[in-house]
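Numbering (our numbering), first residue to last: 1 to 311.
Here a beta-carbon is modelled for each residue, glycine too, at the ideal position from N, C-alpha and C.
Data block below; observations after.
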Amino acid sequence: MINHLKILIIDDDPDILDVLELTLSDQYIIFQAPNGKEGLRLARLHAPDLVITDYKMPVMDGQEFCKALKKDVFLQHTPIIMLTGKSEVKDKVSGLESGADDYVVKPFEPNELLARISMILRRTKRSLDANPLTRLPGNNSIMDELQYRIQSNKPFAVGYADLDKFKAYNDIYGFEKGDEVIKKTARILIAATQKKGTADTFVGHIGGDDFVYVCEENLAEDIANEIIKEFDEAIPSLYSEEDQKRGYILAKNRQNEEVKAGLLSISIGIVSNVSQPIRHIAQIAEIGAELKRYAKGIEGSSFVRDKRKSS
1 MINHLKILII DDDPDILDVL ELTLSDQYII FQAPNGKEGL RLARLHAPDL
51 VITDYKMPVM DGQEFCKALK KDVFLQHTPI IMLTGKSEVK DKVSGLESGA
101 DDYVVKPFEP NELLARISMI LRRTKRSLDA NPLTRLPGNN SIMDELQYRI
151 QSNKPFAVGY ADLDKFKAYN DIYGFEKGDE VIKKTARILI AATQKKGTAD
201 TFVGHIGGDD FVYVCEENLA EDIANEIIKE FDEAIPSLYS EEDQKRGYIL
251 AKNRQNEEVK AGLLSISIGI VSNVSQPIRH IAQIAEIGAE LKRYAKGIEG
301 SSFVRDKRKS S
């Protein structure tokens with residue numbers, strides 16, 4: 001089934017163009033060019049979602065094409081796969097240095113090429129959607145990941161995490177220090193999922209002090225425990241020595257009254273499709289918000305998971 005994603009293929013060998021067309025045309029809209037110069041014209045005309053280009057071509061080779069495309073402000077984020085006729089390291093390095101995102105050695109395996117295309121397109125979409133503060137995938141990528149997991153029909157879990165007492169910290173220490181907390185939290189989530197998760201574990205930044213991770217169902221609690229452990233160890237260093245010692249800060253509530261606010265903690269609500277069927281993204285968000293509220297009622301960092309069975 002063809003989707004609306006467009007791929008531009010550039011090669012001076014008609015046989016290679018035919019093979020690429022045959023491999024990709026069932027899934028993508030394809031445009032062809034015999035050299036880099038014509039490829040650049042078609043790229044500016046059609047704005048492809050991905051380019052596959054040969055390394056050695058007449059008129060304008062793949063390396064020159066990559067450099068020219070990356071200089072175009074409207075096309076510079078377009079991912080490029082470089083085809084090289086031999087597996088010499090210098091060709092691969094030259095291609096990557098000129099702006100290619102990946103390379104494939106000819107003759108290529110069609111299924112491997114399709115897998116690489118799919119991976120690069122997903123990675124590029126996440127990168128363009130990234131939160132400017134943490135560089136983690138944003139809401140569009142999170143929605144895509146959740147939809148992908150639902151459609152896979154495999155066991156998965158979603159951890160919704162946010163910070164407790166963050167507003168009080170921001171009010172006392174300022175937005176710059178608040179941003180430092182957000183970035184440190186992002187790094188903690190990345191490290192925890194890398195340590196306790198798999199290569200498929202996803203981490204996203206919903207916004208503000210709200211984060212999400214998506215993983216295999218049986219890994220969700222191990223990841224949550226690792227996040228909590230690392231967070232509780234790291235956060236005290238972001239307070240003054242005086243605030244660390246007394247274990248709270250003096251902040252103002254909405255009535256402008258001075259109150260004691262404890263140190264930052266993190267609350268995680270874990271939603272799983274094992275305890276009950278998950279059929280749509282809104283269902284995940286609704287359960288996750290409820291669990292997070294429950295976790296925030298517990299003193300200190302904690303996680304809560306949904307164990308209700310569907311009737």
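Anticipated Cβ contact below 8 angstroms, residue i with residue j, distance rounded
| i | j | result |
| --- | --- | --- |
| ALA261 | ILE227 | Their Cβ separation, rounded to whole angstroms, is 22 angstroms, which puts ALA261 and ILE227 out of contact at 8 angstroms. |
| PHE231 | ILE188 | 5 angstroms |
| ASP222 | LYS196 | 4 angstroms |
| PHE303 | VAL214 | Their Cβ separation, rounded to whole angstroms, is 15 angstroms, which puts PHE303 and VAL214 out of contact at 8 angstroms. |
Closest residue to residue i among the options (Cα-Cα distance)
| i | options | result |
| --- | --- | --- |
| TYR160 | ALA168, GLN147, ALA285, LYS106 | ALA285 |
| ILE278 | LYS56, ILE80, ASP49, LEU146 | LEU146 |
| LEU219 | PRO236, LYS177, THR198, SER237 | THR198 |
| VAL14 | THR53, LEU45, LYS196 | With the sequence shown as reference, residue 14 is identified as Pro, and Val is not the correct amino acid for it. Among THR53, LEU45, LYS196, the Cα nearest to that of PRO14 belongs to THR53. |
| LEU8 | LEU69, VAL59, PRO58 | LEU69 |
| ARG123 | VAL203, GLU242, ARG293, SER272 | VAL203 |
| LEU24 | MET60, LEU250, ALA115, GLN76 | ALA115 |
| GLY99 | MET82, SER152, LYS125, LEU121 | MET82 |
| ASN225 | ARG305, PHE74, LEU22, ASN170 | ARG305 |
| ARG254 | ASP162, GLU21, VAL212, LYS167 | LYS167 |
| LEU113 | TYR248, VAL51, ALA43, THR185 | VAL51 |
| MET57 | ILE268, ILE10, ALA47, GLN76 | ILE10 |
| LEU75 | ASP49, MET60, LEU5, LYS184 | ASP49 |
| LYS184 | ASP200, ARG44, GLU233, GLN276 | GLU233 |
| ILE117 | LEU163, PRO79, GLY174, GLU216 | PRO79 |
Close-in-space but distant-in-sequence residues of the same chain around residue i (CB under 6 angstroms, 5 per side omitted)
| i | result |
| --- | --- |
| SER311 | A caution first: SER311 carries a pLDDT of 43, below 50, which makes its placement in the model unreliable, though a value can still be read off. Here the set comprises nothing. |
| LYS106 | LEU83, GLY85 |
| ASN131 | GLY138, HIS205 |
| GLN244 | PRO236 |
Rounded separation between residue i and residue j - CA only
| i | j | result |
| --- | --- | --- |
| SER141 | ARG135 | 12 angstroms |
| LYS252 | LEU264 | 16 angstroms |
| ILE172 | ILE182 | 16 angstroms |
| GLU299 | ASN256 | 24 angstroms |
| GLY208 | GLU241 | 26 angstroms |
| LEU40 | ILE120 | 20 angstroms |
| ASP129 | MET143 | 11 angstroms |
| LYS229 | ILE206 | 22 angstroms |
| ILE268 | GLU109 | 43 angstroms |
| LYS125 | HIS77 | 10 angstroms |
Cut-off 8 angstroms between Cβ atoms - residues of its own chain near residue i, not counting five sequence neighbours on either side
| i | result |
| --- | --- |
| HIS46 | LYS6, LEU8, PHE31 |
| SER247 | Checking the sequence, you will find Gly at residue 247 rather than Ser. The answer, listed in chain order, is GLY262, LEU263. |
Three or more beta-carbon pairs under 8 angstroms between the segment 32-41 and the segment 59-68, yes or no?
-> yes
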